[in-house]
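Q:
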Amino acid sequence: MSVNDLVLVQGVRHTRETLTVWNDRPWPVLRGWLLGSAAIVALLLVGVWMVATFSRPDPTPFSILGFHRDGTPRDVGVVLYRNSLVLALHAMACVAGFIAGSALPLSAAHRSGTWKWIHDKAGPLAIGFVVCATTFSLMTQIYILGANTSTISAQLGIAPGMLLLAYLPHAIPELLAVFLPLAAWLIASRRGSWEQLLAATFVTVAIAVPALVLAASIEVYGSPELLRFLV
């Protein structure tokens, strides 16, 4: 058996074992992910509120659902597409963590010379790249969402906090879902349980997809009604 085949077999075995353990006691695992995701969501919402409060609104008018037009199934599709990109980025962080923290060290243990050195160095570099990419993603989302919140709240003549309150019914499940893989990555990295991350990718994405569909429907058809009520 080649080194690559060995790594693949070990990865599949670890993933199956992890899924079996989680299936026996799913709630402690899911609870940890949800709490981690909730902490990230709280950080993001505070950042969005700060950016919206202290930034200058863009004079370019927004087309606001519920005020300028009614939502359509196409709007649901646009929201799902946008959120699926963020979910994909965080899911790939889980996969990269599995490769860097579990597969590469196993491969390096069965190599020598230059290839061993490359595999030893590639893992930490890959993990560092994941950290930088996810941090950049989070900061970019805070800036964009904060700027949009500032502009929309100025158009409607309400405080940014009030606008965020109207959007919470769809924002909470949406953000919890997209950050679920990232929370799993953070928990696994803290424990050094890199071999669990491939299983975490499958499970978190399976949970996140229906949650995103529900959140997109609320965003297009429900949140505009609440916003009209608050305004």
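Note that the numbering used here numbers the sequence shown so that position 33 is 39, with each residue one more than the last. Where is the CB? At the ideal position from N, CA and C, for every residue including glycine. The structure displayed is predicted, hence computed values, not measured ones.
1. Any idea if residue 74 is buried or exposed, counting beta-carbon neighbours within 10 angstroms, 16 or more meaning buried?
2. Can you name, in chain order, every residue of its own chain whose Cβ lies under 7 Å from the Cβ of residue 267, other than the five neighbours on each side?
3. So residue 186 packs on residue 214, CB below 8 Å; how close in whole Å?
4. I need the straight-line Cα distance from residue 32 to residue 66, nearest angstrom please.
5. Return helix, strand or coil for residue 75, following the three-state DSSP convention.
6. Would the segment 47 to 56 count as touching the segment 147 to 154 if we require 3 or more Cβ pairs under 8 Å?
7. Please state the DSSP three-state secondary structure of residue 22.
8. Span of the alpha helix (DSSP H) holding residue 231?
9. Can residue 155 and residue 58 be called in contact, C-beta distance under 8 Å?
10. Within a Cβ cutoff of 7 Å, which residues of the same chain sit near residue 226, ignoring the five residues on either side of it in sequence?
11. Let's test the definition: count the other Cβ atoms within 10 Å of the Cβ of residue 115 and tell me whether it reaches 16, buried, or not, exposed.
12. Since I believe residue 63 is in contact with residue 210 (beta carbons under 8 Å), could you give me their beta-carbon distance rounded to a whole number of angstroms?
13. Use the C-beta contact count for residue 94: other C-beta atoms within 10 angstroms, 16 or more gives buried, fewer gives exposed.
14. Please report the Cβ distance between residue 99 and residue 188, rounded to the nearest whole angstrom; I am assuming they are in contact, meaning their Cβ atoms lie under 8 Å.
15. Kindly list the residues whose CB is nearer than 6 Å to the CB of residue 159, restricted to its own chain and excluding five residues on each side of it in sequence; keep chain order.
A: Concretely, from the data shown:
1. exposed
2. Here the chain comprises residues numbered 7 to 237, so residue 267 is not present and cannot be evaluated.
3. 5 Å
4. 48 Å
5. strand
6. yes
7. Residue 22 falls in the helix class under three-state DSSP.
8. 229 to 236
9. yes
10. 71, 77, 81, 82, 85
11. A caution first: residue 115 carries a pLDDT of 49, below 50, which makes its placement in the model too unreliable to give a value.
12. In fact, because the Cβ distance is near 36 Å, the residues do not count as touching under 8 Å.
13. exposed
14. 6 Å
15. 166, 169
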